[in-house]
Every structure is written in C-alpha cells, then in structure tokens.
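K.L.:
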Amino acid sequence: MKHEVYGEMAGIKDNVRVRLESLYEYTTPFGQLITHELAADLAGLTSLLNREIAIYLNRRGGVVAVSLGETSTVALPDLKIRRGENRLLGLRCIHTHPSGQGALSAIDISALSQMKFDVMVTLGVQAGEITDCWLAVLEPLTDDIRTKTLTDGPYCFEELINIPFLRIVQEIERKLKKHTLKEVDAAFGERAMLIGIDLPGHNRWEAQDSLDELAELTDTAGAEVVGRMVQKRNAPDSTYYIGLGKVQELLLLTQEHDVDILIFDDELSPSQQRNLESRTGMKIIDRTALILDIFAQRARTKEGKLQVELAQLKYLLPRLTGQGAALSRLGGGIGTRGPGETKLEVDRRRIRKRISDLDQEINLVQKHRQLHRQNRMSIPLPVVSLVGYTNAGKSTLLNALTKSDVLAEDRLFATLDPTTRKVVLPGGRDILLTDTVGFIQKLPHHLVAAFRATLEEVVEADLLLHIVDVSHPMVAEQNDAVYEVLRHLKAAEKPVISVLNKIDRLDSPQLIDRLKREYQTSVAISALNNHGLNSLLEQIERQLMQHRHRVTFHIPYVSSSIIAKMRGHANILSEDYQPEYIEIMAEFDGDQYLRFQEFIYEGA
C-alpha cells in the first residue's frame with residue numbers, strides 16, 4: 039500500500055521517496071514515544087536531504103502522516119481528526135532539526151498550540167546522529183480554559199524514550215476536562231478502574247467484597263469508580279499481577295470508560311507497577327498507595343504528618359524510576375499528595391537521608407509520648423484503648439462517653455491521631471479512654487511500622503474495647519482483620535470487651551442476641567444514639583475489677599527507689615518497714631504488676 043509523503047517532494051530521488059514512504063511501516067510500542075530504529079531512519083534521511091522531517095503517530099504507536107519540510111520549517115499536513123474541547127488531538131508530532139540544535143522554535147510552539155498535539159518532540163540531527171532532544175506539552179491555566187506551553191530539555195535519546203508520555207497526556211486531558219466543566223477540586227473527577235484477583239482459599243475475603251471496600255477507599259480518596267475487573271488465578275502474575283490477556287482487555291475497558299487511573303487491590307511489586315505503567319501508559323495505584331494517600335490527606339498533627347511521610351517514602355523508595363521533571367510537575371491526584379509531589383525528583387541517597395531523619399524525629403516523638411504516659415501513670419488510672427476496623431464508630435463512641443468533639447465521619451480513616459480523655463465509671467472510679475487509628479484488611483506494613491509510637495497506646499492499655507460494626511456485611515472478616523493486627527502488635531492476649539456498635543441499623547432483636555452469644559464479653563450499643571452506654575461502662579468496671587491484682591512485695595532497702603516507680607502503676611495499700619526489706623501491698627490493673635516481678639513475695 040502506497041502512502042503519501044506531504045510537503046515539497048520535487049527533486050526527490052525515487053529511492054529516497056521509497057525510504058520516506060517506508061516510515062509508515064514503523065510501529066512504536068504502546069506508551070513509548072519513538073523507537074531506536076525509527077529515530078535512526080529519521081536522522082539518516084534528515085542528514086541526507088538536509089531538510090526537516092516530521093512524523094505524526096497515534097496513541098497506538100502507528101505512523102499516520104509523514105511530512106517533508108525545508109531546512110528550518112516543515113508544513114503541517116491536513117489532519118482531518120475530530121476532537122473535543124477537553125481533549126488533545128490524539129497524535130504526537132516528532133520532527134527533526136538538521137542544524138544539530140534540537141531546541142523548539144516559535145513555529146514548533148505555535149503548531150503545538152494550534153493543533154493541540156499530545157506532545158511536540160524535536161530531534162537535533164548532525165551527521166546522521168541525534169545530538170539532543172526536546173519536548174513540549176500544553177498545560178491548562180489555573181481557573182481558565184486557555185492553555186500555556188511547557189517546554190523541557192535537552193534530553194539524551196535514551197532519556198526521551200523512557201518518558202511516560204501517555205501518563206502526561208492523560209493528566210493534561212484530566213485538567214482540560216476539569217476546566218471545561220468548571221470543576222474546582224484538582225482531584226475531583228479522577229475516574230478509577232478497580233482490579234483484583236480471585237485466589238481460591240487464599241483470603242477470607244471474597245474478591246468482590248474486597249473490591250467493595252477498595253471502592254470505599256477510592257471514594258474517600260476523592261475519585262469516582264467507573265469499572266471493575268476480577269480475574270481468577272491460582273497465583274498473581276509475577277510480571278503484570280493479572281495475565282497479559284487481561285491487560286489487553288483492561289486497555290479496551292479504560293478507553294471505553296474514559297479511565298484516568300487503575301487501582302489494584304493488593305500491593306504491587308515495583309517491577310509489576312513499572313510493567314503495568316509501561317504497558318498501559320496510565321497511572322497505576324495499588325491498595326497500599328491508596329491508603330497512604332488517604333492518610334496524607336487526613337493527617338493533621340505534626341506527629342501524624344511525620345508518620346505518614348515516613349510510610350510514603352519507604353513505599354516510594356524502591357519505586358523511584360527517575361523519569362525527570364516532565365512527569366512530576368504535571369502530577370496530581372491520588373498517590374501524589376504528601377511528599378510524593380517533590381520526592382520523585384530527588385535521588386535515592388536523599389530519600390534515604392530523609393527516611394533516617396524522620397526515624398529520628400519519630401523516635402523523639404516516641405520518647406515524648408513515653409514521658410506523657412509516665413506522667414499519666416503517676417496517678418494510677420487504668421487505660422482503656424478503643425480498637426477496631428476503620429469506620430466502626432470508635433471516635434463517635436469516644437465523643438459519646440466523654441462529651442468531646444473529636445472528628446467523626448462516616449468515612450474510612452476519618453481520624454488518625456490518638457486522643458485520650460478521662461471517663462468516670464458508675465462506681466466513681468476514673469479511667470483514661472484512648473482512641474486509636476482504625477485497622478483494615480491488608481493494612482500496609484509501612485504504616486504499622488511508622489505508627490509504632492501511636493499504636494503503643496494499644497500495647498500499654500489495661501483493657502481493649504473492640505468496636506465492631508455489626509451492621510456491616512463483612513463483620514466476621516473485619517473482626518479477623520482486627521485480631522490479625524493485634525497479634526502483630528503482640529496485644530491479642532489482652533482483656534477485650536467486644537462493643538457491638540450500630541445496633542440501630544439492625545431490624546431483628548434475635549440477631550443482636552445471636553451476636554452477643556458469638557462475641558464473648560460483649561455489650562450491644564449504638565454510639566450515635568447513646569444507647570447501651572451505661573451497660574458498657576458497667577462492663578468496663580467489672581472487667582477492670584476482674585483483672586485487678588493485689589500483690590505483696592518484699593523490696594530490699596538497696597532497691598527502695600523502685601517504690602517511687604511502683605506508685606505510678608499501682609494503688610499502694612500498705613508499707614511495712616522490716617529489718618531487711620520493705621513489705622509493700624499494692625493493687626494493680628491488668629498485668630502491670632509484672633513490671634516488678636522479681637520482688638513479688640509468694641508467702642510461706
């Protein structure tokens with residue numbers, strides 16, 4: 039099939055004409071700007087003719103037009119392609135400069151703006167070799183439907199072909215769509231496709247149920263779910279997580295639903311993420327990155343921000359690809375908040391240095407929290423920690439019991455920072471009630487490590503209140519996920535009261551009775567309606583009394599300083615000074631007495 043070469047072809051030899059027409063036969067891999075072979079042929083023809091050559095490629099990588107220009111200019115062919123106001127042309131223009139200088143000219147910039155190319159690329163050519171490369175893209179102006187041009191370079195050729203231009207194009211079109219529709223929020227309007235795999239017997243969660251939760255996370259992060267895909271597999275594919283055939287199917291679905299972002303239900307390896315980005319040309323986010331993004335949005339205190347940044351950097355470090363400023367300055371939306379916007383532009387050495395600094399800062403936070411905890415212990419009050427799945431109602435319960443105004447929303451991870459308030463039990467005894475960060479299935483290990491200072495509140499508690507959302511269809515699976523985290527924290531053996539929350543959403547009293555039988559030491563409440571709170575306080579009082587220990591110690595005078603420390607953990611009932619030791623009788627909540635185990639007097 040013969041293809042037309044646009045421009046002034048008079049005087050061109052037949053063999054050269056054939057070589058120009060053969061440029062149509064090249065195909066560039068999806069998501070790659072140009073291939074080595076095509077670039078080499080362009081450079082050779084440019085030096086042979088001493089004239090500019092332009093090629094126009096569609097997003098599938100096919101050459102749709104070839105144009106021959108003069109030494110310093112090349113005419114635009116008549117490209118009859120329809121496009122919407124909020125979309126680019128769907129073609130990229132790559133052309134040569136035989137002068138050896140690849141910098142974009144004013145004519146190049148004008149053509150980019152006039153035609154709304156996906157990207158304009160120039161290749162400086164001298165003696166048949168590419169000297170440097172430049173590229174330009176359109177950038178929508180803030181609060182305006184107009185655009186400006188962003189130019190970047192020079193690149194070497196290897197840097198050029200590694201630029202993820204399709205991801206850049208999708209970000210530009212997202213912004214164009216935002217301005218066209220007069221949207222305000224920069225993240226609003228991201229259209230997400232959710233992808234999961236069904237591994238038989240691998241997880242207690244059904245694949246669709248897990249995607250339901252992923253959809254809630256996506257909504258919390260500020261994106262709209264427009265489609266789902268689940269593949270049945272015996273194991274995740276080591277290259278793409280899903281099979282290559284499913285990747286091809288996914289490409290068709292993303293075009294059909296105008297998808298901006300692909301969100302996977304498990305943590306992807308760095309190589310899987312890179313392979314998927316290369317194959318699809320789209321932004322790839324996994325469950326871990328999504329949760330980290332939500333934490334970045336929700337962190338309010340300095341401590342919370344430090345912990346989130348540490349978790350994000352540890353996640354990002356193995357995924358740094360060094361794509362340069364062309365991508366990072368166009369970044370936005372899910373997965374780029376927090377440190378992500380700037381940390382992609384720094385090298386691994388500086389990332390590791392920042393991680394080290396954050397570790398030191400969080401260690402200081404941990405020490406300060408320990409000092410606060412010791413100050414609390416100077417007045418021996420039992421500590422009760424609220425734990426549970428995210429959005430189970432922990433903050434609502436804290437507000438109801440303490441008349442506080444801690445943020446409580448019907449969203450996942452509404453609050454991150456721990457809050458401690460005093461509560462008076464029916465018998466008049468004071469306790470400290472602490473709210474903690476919510477748990478979730480597949481909780482990123484980066485977060486568990488980063489929030490170690492916060493989660494110590496759970497480890498140090500005398501009693502745990504496990505808040506259970508009994509109205510949730512996956513209540514049993516959520517319960518298992520909570521205990522999995524507690525086991526990881528070595529807190530699963532602590533005394534627990536199961537607080538069956540949101541009973542106002544249940545229609546059947548028989549169902550509530552069945553749940554009470556299933557959950558040992560449980561109380562049914564509605565924190566929102568203040569129902570059952572007195573029963574809960576009474577149960578807390580009974581549990582603390584059951585786990586209160588009266589212990590006798592014989593403390594040698596040489597170790598008498600330990601008594602001052604003991605006062606911070608116990609109620610001292612008596613002190614009897616004997617010739618060789620001091621006999622102390624004290625009451626402890628929980629297992630606090632084990633701190634002084636070596637001085638326990640077992641009796642005759």
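No gaps in the numbering here: position 81 of the sequence shown is 119 in the numbering used here, and each next residue is one more. Note that beta-carbon positions come from the ideal geometry of N, C-alpha and C, so glycine has one too. Nothing here was measured: the structure is a model prediction, and the numbers come from that model.
If you run the structure through DSSP and keep just helix, strand and coil, what is SER598?
P.N.:
SER598 falls in the coil class under three-state DSSP.
K.L.:
Measure the alpha-carbon distance for GLY82 versus PRO356 and round it to whole angstroms.
P.N.:
When rounded, the distance between both Cα atoms is 39 Å.
K.L.:
How many angstroms separate the CA atom of SER573 from the CA atom of ALA565?
P.N.:
For SER573 and ALA565, the distance between alpha carbons rounds to 12 Å.
K.L.:
Let me know the secondary structure DSSP gives LEU365 once reduced to three states.
P.N.:
At LEU365 the pLDDT is 39, less than 50, meaning the model places this residue with poor confidence and gives no usable figure here.
K.L.:
May I ask you to report which of helix, strand or coil DSSP gives MET623?
P.N.:
Reduced to three states, the DSSP call for MET623 is strand.
K.L.:
What does DSSP give as the partner residue(s) for TYR94 in the beta ladder?
P.N.:
DSSP output for TYR94 lists ALA103, CYS131 as bridge partner(s).
K.L.:
Can you tell me whether PRO192 is helix, strand or coil according to DSSP?
P.N.:
Strand.
K.L.:
Report yes if the CB atom of ALA77 is closer than 8 Å to the CB atom of PHE195, and no otherwise.
P.N.:
Yes, they are a contact pair.
K.L.:
Using the C-alpha atoms, what's the distance from GLN208 back to LYS220?
P.N.:
Bear in mind that the predicted position of LYS220 carries a pLDDT of just 43, short of 50, making it too unreliable to give a figure here.
K.L.:
To the nearest angstrom, how far is it from the Cα of ASN676 to the Cα of ASP275?
P.N.:
Since the displayed the chain opens at 39 and closes at 642, residue 676 lies outside it and no answer follows.
K.L.:
Suppose the cutoff is 6 Å on Cβ atoms and the five residues either side in sequence are ignored; what does the same chain contact list for ARG266 look like?
P.N.:
The answer, listed in chain order, is LEU232, LEU249.
K.L.:
Hey, how far is the Cα of THR256 from the Cα of ILE600?
P.N.:
Whole-angstrom Cα-Cα distance: 52 Å.
K.L.:
What do you get for GLU108, buried or exposed, if any count of 16 or more other CB atoms within 10 angstroms of its CB means buried?
P.N.:
Counting Cβ neighbours within 10 Å, GLU108 comes out exposed, since fewer than 16 surround it.
K.L.:
When burial is assigned at 16 or more other CB atoms within 10 Å of the CB, is GLU636 buried or exposed?
P.N.:
Label assigned to GLU636: exposed.
K.L.:
Look up HIS569 in the DSSP assignment and give the residues it is bridged to.
P.N.:
HIS569 is bridged to SER564.
K.L.:
Going by C-alpha to C-alpha distance, which of ASP507, ALA48, LEU95, THR458 sits closest to ALA499?
P.N.:
When only C-alpha atoms are compared, the closest one is THR458.
K.L.:
Using the C-alpha atoms, what's the distance from ASP324 back to ARG212?
P.N.:
Cα-Cα distance, rounded: 20 Å.
K.L.:
In whole angstroms, give me the CA-to-CA distance for ASP156 and ILE199.
P.N.:
Approximately 15 Å between the Cα atoms of the pair.
K.L.:
Can you have a look at ILE469 and say buried or exposed, based on whether 16 or more other CB atoms are within 10 angstroms of its CB?
P.N.:
That one is buried.
K.L.:
Would you call the CB atoms of SER658 and THR472 closer than 8 Å?
P.N.:
In the structure displayed, the chain extends from 39 to 642; residue 658 sits before or after that span and is not available.
K.L.:
Three or more C-beta pairs under 8 Å: does that hold for the stretch 424-437 against the stretch 528-546?
P.N.:
A contact exists between the stretch 424-437 and the stretch 528-546.
K.L.:
Taking 8 Å as the threshold (C-beta atoms), are VAL159 and LEU71 in contact?
P.N.:
Going by C-beta atoms, LEU71 is nearer than 8 Å to VAL159.
K.L.:
Is it right to say LEU501 is buried, meaning 16 or more other beta carbons lie within 10 angstroms of its own, or is it exposed?
P.N.:
Under this definition LEU501 is a buried residue.
K.L.:
Should ILE235 be labelled buried (16 or more other beta-carbon atoms within 10 Å of its own) or exposed?
P.N.:
ILE235 should be labelled buried.
K.L.:
How about PRO192 and ASP170: are their beta carbons less than 8 Å apart?
P.N.:
A contact, by the Cβ cut-off of 8 Å.
K.L.:
DSSP puts TRP172 in a beta bridge; with which residues?
P.N.:
DSSP output for TRP172 lists THR160 as bridge partner(s).
K.L.:
Throw me the rounded Cβ distance for the ASP247 and MET512 pair, which I believe falls under 8 Å.
P.N.:
Confirmed, about 6 Å.
K.L.:
Going along the chain, which unbroken runs of the alpha helix (DSSP H) with 4 or more residues stay wholly within the stretch 283-321?
P.N.:
You should have 308-318.
K.L.:
Here's a check: name, in chain order, each residue in its chain whose Cβ is nearer than 7 Å to the Cβ of THR65, leaving out the five neighbours to either side.
P.N.:
Cβ within range, chain order: GLY99, GLY100.
K.L.:
Please report the distance separating the alpha-carbon of TYR615 from that of MET583.
P.N.:
One C-alpha to the other measures close to 29 Å.
K.L.:
Work out the CA separation of HIS504 and VAL534 for me, nearest whole Å.
P.N.:
C-alpha separation (whole angstroms): 7 Å.
K.L.:
Rounded to whole angstroms, what's the CA-CA distance from GLN577 to THR258? Just pull it up for me.
P.N.:
Using only the alpha carbons, I get a separation of about 34 Å.
K.L.:
Using the beta-carbon count (16 or more within 10 Å), is PRO464 buried or exposed?
P.N.:
Exposed, since its Cβ has fewer than 16 Cβ neighbours within 10 Å.
K.L.:
Can you tell which of ILE550, LEU632, GLY281, GLN311 has the C-alpha that lies nearest to the C-alpha of MET320?
P.N.:
It is GLN311 whose Cα lies nearest to the Cα of MET320.
K.L.:
List the whole-angstrom C-beta distance separating ALA529 from PHE477, where the pair is believed to meet the contact cut-off of C-beta under 8 Å.
P.N.:
That belief does not hold up - the Cβ atoms of ALA529 and PHE477 are roughly 12 Å apart, past 8 Å.
K.L.:
Hey, LEU161 and LEU80 are a contact pair by Cβ (cut 8 Å); roughly how many whole angstroms apart?
P.N.:
Right, the Cβ-Cβ distance comes to about 7 Å (below 8 Å), so this counts as a contact.
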